[in-house]
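Undergrad: If you count the sequence shown from 1, position 63 lands on 62 in numbering that gives the first Met the number 0, and the numbers rise without skipping.
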Amino acid sequence: MKIFLDTAEIEEIRTAARWGVLDGVTTNPTLYAKVGGSYDALLAEICKITSGPVSAEVIAEDVEGMLTEGRHFAKLAPNIVVKVPMSETGLEAISRFADEGIKTNCTLVFSTNQGLLAAKAGASLISPFVGRLDDINQDGMTVIRELVEIFALYDIKAEVLAASIRHPLHVTQAALAGANIATLPFKVLQQMVHHPLTDKGIVQFRKDWDEARKAAAGKPA
Ligand code: E4P
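This is the structure we're talking about:
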């Protein structure tokens with residue numbers, strides 16, 4: 000499963016890239032609002048850090064507006080993927096982008112049928128929001144599992160991207176459900192690195208090593 004970072008924070012993206020675990024980045028208007036500045040400049044910077052897909056979300060709600068914004072984003076870097084919300088106009092824009100060879104990520108997907116339609120319209124990435132579904136007492140992972148199964152049954156090329164990930168268990172569950180990608184807040188990525196027994200083990204090994212070296216230094220050669 001590929002791991003994307005769900006952030007617009009450049010330093011977080013640089014860190015994940017240095018760790019060797021970064022396959023791409025997703026942004027959205029809320030994540031952008033946390034950092035501000037020029038969205039174009041931010042996207043261009045992110046695309047320099049990773050050669051993986053970088054999602055840039057359109058704000059327009061009409062087809063022509065979405066196309067104008069998406070074509071503009073697509074010119075910023077070759078790895079830009081235009082993020083289009085699931086809607087009637089969104090499907091039309093996705094279909095038009097596909098005709099133009101511009102890759103899209105259909106966002107705000109909350110049902111298997113929405114994901115199926117987005118894939119048929121030509122989206123490369125389909126983003127079910129797992130956490131927001133869990134928040135309303137629906138099992139978000141079911142949408143991931145069903146889309147993975149349907150895409151395999153009908154040989155549909157779109158990739159299932161588990162979005163709105165809230166904790167490390169979601170990542171494991173998405174991987175087991177067959178998600179092609181999970182996009183994670185940086186905090187969840189950090190949580191995945193750590194385990195109390197690992198941290199305790201590192202401290203103990205260091206202590207034992209230091210004591211052994213001290214003892215060795217006191218002994219004649
Ligand atoms: C990513 O593409 C989505 O926009 C993001 O995962 C949404 O996450 P949230 O539900 O935590 O806002």
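Just so it is clear, CB atoms sit at the ideal spot from N, CA and C, and this is done for glycine as well.
Quick check: does the Cβ of N179 come within less than 7 Å of any heavy atom belonging to the ligand E4P?
TA: No.
Undergrad: F3 by DSSP, collapsed to three states: which one?
TA: F3 falls in the strand class under three-state DSSP.
Undergrad: Look at the Cβ atom of I45, then the Cβ atom of V24, and state whether they are nearer than 8 Å.
TA: Cβ distance < 8 Å, so I45 and V24 count as in contact.
Undergrad: Return the bridge partner residues of K82 from the DSSP annotation.
TA: According to DSSP, K82 bridges with E56, N104.
Undergrad: Please list the terminal residues of the continuous beta strand (DSSP E) segment that includes A181.
TA: Unbroken beta strand (DSSP E) run through A181: 180-183.
Undergrad: With the cut-off set at 8 Å, would you say A76 and I93 are in Cβ contact?
TA: No, they are not a contact pair.
Undergrad: With DSSP run on the structure shown, which of helix, strand or coil describes G135?
TA: Per the sequence shown, residue 135 should be read as Ile rather than Gly. It is coil, neither helix nor strand.
Undergrad: Compute every distance between the C-beta of G130 and the non-hydrogen atoms of the ligand E4P, then say whether any falls below 7 Å.
TA: Under cutoff, so the answer is yes.
Undergrad: Output the distance between the C-alpha atoms of T141 and F204, rounded to the nearest integer angstrom.
TA: In a straight line, the C-alpha of T141 is about 42 Å away from that of F204.
Undergrad: Does the stretch 123-138 come within contact of the stretch 94-106, defined as at least 3 CB pairs closer than 8 Å?
TA: Touching, yes, given that three or more Cβ pairs across the two stretches are closer than 8 Å.
Undergrad: Would you check if there are 3 or more beta carbon pairs closer than 8 Å linking the stretch 109-119 to the stretch 79-93?
TA: At 8 Å Cβ cutoff, the stretches touch.
Undergrad: Given that a residue counts as buried once 16 or more other Cβ atoms are within 10 Å of its Cβ, and exposed if not, what is A151?
TA: Exposed, because fewer than 16 other Cβ atoms sit within 10 Å of the Cβ of A151.
Undergrad: Using 7 Å as the cut-off, classify the Cβ of D61 as near or not near the heavy atoms of the ligand E4P, replying yes or no.
TA: D61 Cβ: outside cutoff for every heavy atom of the ligand E4P.
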